[in-house]
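Chains as they are written, first to last, in the working numbering: chain A, 4 to 601; chain W, 1196 to 1355.
Structure first, commentary second.
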């Protein structure tokens, strides 16, 4: 073989739990056995983004993707792909539209339609090696800033880029930095919020796992512009691999002289600490996060004073999330103008979305702001699993909303989504199909926010619990006609009277589902029916005599023995509705499709 | 004489004191100390909280305030194996509730409880960020994904 090849094995949290780690060792052994170690190298990378099909591996330079690889496949891949140069067809991805296998990443919709700037290193480099990062222009941004630019120049560049905070609200990053910079103080802090608590979002985890140096470099540049000399990364304890990779990266950056005192001989000092969160969703709110680092209960406080004036230990503090920080090196390296070509007029750059739920291609997706939901879900995501019908997309986590199919052509940017009653939020996109009940989804989110409410403001503490109780009743068929009005009144009161973002946005899942899926609420309350056949208390099961082969499998597996019938006496099988607990075992066990639920 | 003294000192306590010494002079030492203490003891017994209070001069009431606020801290012992069942949004829409139900039935305990033989502790959590593999659980930080109710028994059998 003429050219050198690299095999990139995804070792992110998703693929590692699908069994990726042993594959790296088996590959290395097999390559040695075949005498290929001179020309082929194996790299364990961070998240390649295509978690659904993991473990994934990519052969470079051809960019061939193999999916659902196991240890047993390794010998065949080495023999067929590396020695003969032929594909192992059974491990290739099958395109759901054409039903044909595709091998090149450029031909795979999931990758071809993305625009990877923030993720350009994720899944390509070994995140545990600083030299992999520097080989791809890493730390060039901070070098440029320290050698050629004043802190004011850096601040101007970030302002000009139009970057807005990726944590949820979309506040202009440059403006935020400016507030902190202009507050006089002997000491300032910057914080990286890696307390990615939104269920259904994992972009920050993937960036920290797969490209931790980009976050460090972004923070270095920010600290220089703001005039801070110490920083904290506040990371969820649920992300052990991210914490580990970040720790390794910080040590390497210190050894290489990018962190510490007198960085690159410039006289600029910056020290970075990692703080492990202890499990509280509300700590994503910046004043709560600061209280948590100070060792207190993580409860938000009244602003002003804003953290830019009085933050951590009473000092001016600037807080951005992981994805925001990792945008910064790209802006510095390539300039604000280059950055401004991506996205819409008011939402610049790209955004990473975690595409999950009932979609064919789940994983991490980076697209320019302004891409339509349809393009993300049906283009990159390749449509709905099992050929089912799309119902809604939940965007923005517990603070966001659900949007129906006639809004699929909306441009995904801060302002458009806010108008539609959802928000970009951290970027979780959970796809729901016809079998997802929207009342149950609202109930699910309220269950989450009621548990996570810190309890400081009465409307949030009590109100979310009351709303949950009402929703729970509705899903059990005990809803009352006046419930919907009560829900709306409560929702608007909580929005107006809560102190922090958690409380103000907690009613959003209810308001959005009431706006777009009111008929589902009404069906539960008036007809005692769940249109999605999801709420078990509202289901009834029947056996179709025509289709029933009297095999008795349903009756044998029924936990309450409520199915009776007899083949010998030709007595048809029937379900006793009074005893039925609607567990659905009969429908799962029937091989002839004779049991139906309504 | 020194040997006799060493025998009297609880090795866990020595570790705890090392953790306290490492953090107590830094800013905001309480949470890292509690995290370290929980790693040593598996949970935060009352006598440990009192000891931390004495050593750091942080009032017991304040420590309890922090311990009860954060989901990570526990005041009861944990079983030999800790099962975290993810009920994030992606897991929820892909049938996570059925997984909770199956595990609760299999182990005959509810969320937050420990089996009588101390083999498993069960906790339902919000999201472990492995949404691509939904529904998922993690046992002792080892993630199991793409679960079906029928795969549960086989997975649990691997943990003693």
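C-beta atoms are modelled at their ideal positions from N, C-alpha and C, and glycine is treated no differently.
Quantities reported herein were computed from a predicted structural model and do not represent experimental measurements.
- Of all residues in the stretch 20-52 of chain A, the ones placed with a Cβ closer than 8 Å to any Cβ belonging to chain W are 20, 21, in chain order.
- When CB distances to chain A are screened at a threshold of 9 Å, the residues of the stretch 1309-1343 of chain W falling below it are 1320, 1321, 1322, 1323, 1324, 1325, 1326, 1327, 1328, 1329, 1331, 1333, 1336, 1337, 1338, 1339, 1340, 1341, in chain order.
- A straight line joining the alpha-carbon of residue 15/A with that of residue 245/A spans about 9 Å.
- Judged by beta-carbon spacing, residue 1280/W lies within the 8 Å limit of residue 1332/W, meaning their Cβ atoms are closer than that value.
- Boundaries of the alpha helix (DSSP H) harbouring residue 246/A: 243-258, taken from the DSSP string.
- Bounds of the beta strand (DSSP E) holding residue 436/A are 431-436.
- Taking 7 Å as the cut-off between beta carbons, the residues of the stretch 1266-1288 of chain W near chain A are 1266, 1267, 1268, 1283, 1284, 1285, 1287, 1288, in sequence order.
- Under the DSSP definition of a beta bridge, residue 569/A partners with 574/A.
- For residue 360/A, no alpha helix (DSSP H) segment is defined; the enclosing uninterrupted segment is the beta strand (DSSP E) at 353-360.
- Using a 10 angstroms sphere on the CB of residue 458/A, the tally of other CB atoms stays under 16, which defines it as exposed.
- Here DSSP, grouped into helix, strand and coil, assigns residue 386/A to coil.
- In terms of beta-carbon proximity, residue 192/A stays away from the interface with chain W, with every pair separated by 8 Å or more.
- Between the stretch 315-330 of chain A and the stretch 86-104 of chain A there are fewer than three inter-stretch CB-CB distances shorter than 8 Å, so the stretches are not counted as touching.
- Counting along the chain, the unbroken alpha helix (DSSP H) around residue 1256/W starts and ends at 1255-1264.
- Taking C-alpha positions only, residue 351/A is separated from residue 359/A by approximately 24 Å.
- At a beta-carbon threshold of 7 Å, the residues of chain A lying near residue 1223/W are 296, 297, 298, ordered along the chain.
- In the DSSP assignment, residue 342/A falls within the alpha helix (DSSP H) that extends over 339-343.
- In this structure, DSSP gives residue 398/A an extended state, which the three-state scheme calls strand.
- Taking CB atoms only, residue 205/A has a neighbour in chain W less than 8 Å away.
- None of the residues of the stretch 109-133 of chain A has a beta carbon lying less than 8 Å from any beta carbon of chain W.
- Listed by position along chain A, the residues whose Cβ is nearer than 7 Å to that of residue 1260/W are 300.
- Contacts with chain A at 8 Å (Cβ-Cβ) include residue 1226/W.
- With fewer than 16 other Cβ atoms from the protein chains shown falling within 10 Å of its own Cβ, residue 1343/W counts as exposed.
- Within the same chain, Cβ atoms closer than 6 Å to the Cβ of residue 1219/W are found at 1251, the five residues on either side in sequence being excluded.
- Taking a beta-carbon distance threshold of 8 Å, residue 447/A counts as an interface residue toward chain W.
- Between residue 1341/W and residue 1351/W, the gap from beta carbon to beta carbon reaches 8 Å or more.
- Residue contact check for residue 361/A against chain W: a CB pair falls below 8 Å.
- Annotation for residue 208/A: the continuous alpha helix (DSSP H) segment containing it runs 206-213.
- Around residue 208/A, the beta-carbon contacts reaching into chain W at under 8 Å are 1324.
- Exposed is the label assigned to residue 472/A, since fewer than 16 other Cβ atoms lie within 10 Å of its Cβ.
- Only buried fits residue 216/A, as 16 or more other CB atoms lie within 10 angstroms of its CB.
- Within the stretch 337-369 of chain A, those residues whose Cβ lies closer than 7 Å to any Cβ of chain W are, in chain order, 357, 359, 360, 361, 365, 366.
- A residue is called buried when at least 16 other Cβ atoms come within 10 angstroms of its Cβ; residue 562/A does not meet this threshold and is exposed.
- In the pairwise beta carbon analysis, the stretch 233-250 of chain A is classified as not touching the stretch 104-117 of chain A: fewer than three pairs are separated by under 8 Å.
- Chain order gives the chain W residues near residue 279/A as 1230, where near means a beta carbon separation below 7 Å.
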